[in-house]
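Trainee:
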Amino acid sequence: MNQDLESIVAALVVRGKGILAADETVPTLTKRFDSLGIQSTEESRRTYREMLFSATGAAEFVSGVIMADETIRQKNSGGMPLAEFLSNQGILPGIKVDTGAKPLAGLSGESVTEGLDGLRDRLRAYHDMGARFAKWRAIIAITDTLPSQACVSANAHALGRYAALCQEQRLVPIVEPEVLMNGSHAIGRCEEVTGAVLHAVFRALFEQGVSLESMLLKPNMVVAGTACPNPASLQEVATATLRCLRRHVPAAVPGIVFLSGGQDDRLATTHLNAINQLPGSKPWTISFSYGRALQDAALEAWCGREENLKAGQQALYHRSRCNGAASLGKYIDEMEVEAADAASPLHRHGWHDD
Ligand code: 13P
């Protein structure tokens, strides 16, 4: 069984490729559509996903796509299920299986990600629909006093149980504990919290008997809070991130695929590149599993119009190519020339992910 899962993991973190997270829930995608004046209907969301999944050349840099429940049930315009459409291009279909972060009782400002009830049956059904890997996102907020131990351990426990169930059902679990960027904290505090969270998560994975060889970790990078008066430099982010991962992620994990977390898309690429360029031991493949940092430019270029489909696909291709290079530490600024005007517009601020 694990042989199977290990070959899926190997295909996901194959050299020069990463994962496209296109698993926004209907309410989240609707918010993004709203900010651009795009009407959100089942059909417009389907069209958007099909645009992304059929971008010419993207498969060169994208090994897997994470879908939402609505999307994995949809078909392309030729009537082929989107999961099959991806597989035919050599892209592994994945599925978001948590049901979202809910407030933790008695702990103001903190949440626990839910979705364990009935998960075994849902995983079985998703596998039948073609999914080969899954994602579960826990979120941890930083303030002067948070996170609480209760929040960290509840989320770690849920991630452990989710991952064990995935492996039982022959799906590779992507374990995503996201320490949020919101706040005025300095980079050192993010490193401290990220380290404590990773420690708790790997303890829970061990307790639940999860095979580390058959999973991927999807962490945040170690950065200063978005409202921190002293933003960290590129080198500081890369150094603190790699130090934190070396301290807390076992070498048996084959791959680390970062989330972008609301970073500007080019900065997310630059950070990934800088981390991969650092010398010293990196026992895991380090790549991307970006949502916003891959999709923002494509969504804006498309803007819901048929005549912009090609432009949207080119934007996705471009960011995938840049991030593919960054996963090898070979990204250079000149690669951006063709997208020089894709600066982050105001309406993107405050966007959140699932
Ligand atoms: P972002 O890259 O936009 O953070 O999304 C990644 C993701 O999958 C969040 O769960």
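The opening residue of the sequence shown carries number 733 in the numbering used here; numbering runs sequentially from there.
Cβ atoms here follow ideal geometry from the backbone N, Cα and C, with glycine treated the same way.
These numbers come from a predicted model, not from an experiment.
Expressed to the nearest angstrom, what Euclidean distance is found between the alpha-carbon atoms of A1088 and A956?
Mentor: Summary: the structure shown does not reach residue 1088, with the chain confined to residues 733 through 1086, and so no result is reported for it.
Trainee: Apart from the five residues just before and just after K834, which ones in its own chain have a Cβ nearer than 7 Å to its Cβ?
Mentor: Excluding positions up to five away in sequence, the list reads S843, V844, E846.
Trainee: To the nearest angstrom, how far is it from the Cα of L1090 to the Cα of V745?
Mentor: Nothing can be reported for residue 1090: it is not among the residues displayed for the chain, which extend from 733 to 1086.
Trainee: Can F817 and G750 be called in contact, C-beta distance under 8 Å?
Mentor: no
Trainee: According to DSSP, what are the bridge partners of V911?
Mentor: Residue pairing from DSSP places V911 in a beta bridge opposite I872.
Trainee: In the DSSP assignment, the beta strand (DSSP E) including T1017 goes from what residue to what residue?
Mentor: 1017 to 1022
Trainee: Comparing C-alpha positions only, which one of D996, E1032, V981, G994 sits nearest to S1013?
Mentor: V981
Trainee: Three-state secondary structure (DSSP) at P813?
Mentor: For P813, the secondary structure class from DSSP, reduced to helix, strand or coil, is strand.
Trainee: Let me know if H1081 comes out buried or exposed under the rule of 16 or more other beta-carbons within 10 Å of its beta-carbon.
Mentor: Note that H1081 has pLDDT 43, beneath the 50 cutoff, so the model's placement of it is unreliable and no number is given.
Trainee: Report the residue from T1017, V985, N952, N1008 whose alpha carbon sits nearest the alpha carbon of G994.
Mentor: N952
Trainee: Can you tell me whether E1068 is helix, strand or coil according to DSSP?
Mentor: helix
Trainee: Does S843 come out as helix, strand or coil in the three-state DSSP assignment?
Mentor: strand
Trainee: Quick check on the DSSP output: the beta strand (DSSP E) that includes G796 runs from which residue to which?
Mentor: 794 to 799
Trainee: I'd like to check one pair, A742 with P986: are the Cβ atoms closer than 8 Å?
Mentor: yes
Trainee: Looking at L1004: is its Cβ nearer than 8 Å to the Cβ of A1058?
Mentor: yes
Trainee: Answer yes or no: the CB of A863 versus the heavy atoms of the ligand 13P, is any distance below 7 Å?
Mentor: no
Trainee: Look at E945 and E738 and say whether their C-beta atoms are less than 8 Å apart.
Mentor: yes
Trainee: How many Å lie between T760 and G832 at the Cα?
Mentor: 11 Å
Trainee: I'd like to confirm something about L761: is its beta-carbon nearer than 7 Å to some heavy atom of the ligand 13P, or not?
Mentor: No, since every heavy atom of the ligand 13P falls outside the 7 Å radius drawn around the Cβ of L761.
Trainee: Just grab the DSSP bridge partners of L948 for me.
Mentor: I906, G987
Trainee: Quick one: what's got a C-beta closer than 6 Å to L784's C-beta in the same chain, skipping five residues either side?
Mentor: A754, L1048
Trainee: Tell me whether I798, by its Cβ, gets closer than 7 Å to a heavy atom of the ligand 13P.
Mentor: Indeed, a heavy atom of the ligand 13P lies less than 7 Å from the Cβ.
Trainee: So Y1022 and A1000 are in contact, right, with Cβ under 8 Å, and what is the actual spacing, rounded?
Mentor: 6 Å
Trainee: In its own chain, which residues sit with a C-beta less than 6 Å from the C-beta of R764, not counting the 5 before and 5 after it?
Mentor: none
Trainee: For G750, list the residues DSSP reports as bridge partners.
Mentor: Residue pairing from DSSP places G750 in a beta bridge opposite V794.
Trainee: Identify the residues that DSSP records as bridge partners of P835: which are they?
Mentor: S843, per the DSSP bridge assignment.
Trainee: Quick check: does the Cβ of G957 come within less than 7 Å of any heavy atom belonging to the ligand 13P?
Mentor: no
Trainee: Beta carbon of T875, beta carbon of G915: below 8 Å?
Mentor: yes
Trainee: Okay, do the stretch 872 to 887 and the stretch 911 to 929 touch, 3+ Cβ pairs below 8 Å being the bar?
Mentor: yes
Trainee: Considering Cα atoms alone, identify which of A787, Q940, R902, A870 is closest to H1050.
Mentor: A787
Trainee: Thinking C976 and E908 are a contact (beta carbons under 8 Å), I'd like their distance in whole angstroms, please.
Mentor: Not confirmed; about 16 Å, so no contact.
Trainee: Using only CA atoms, which one of V829, Q1027, T973 lies nearest to H859?
Mentor: V829
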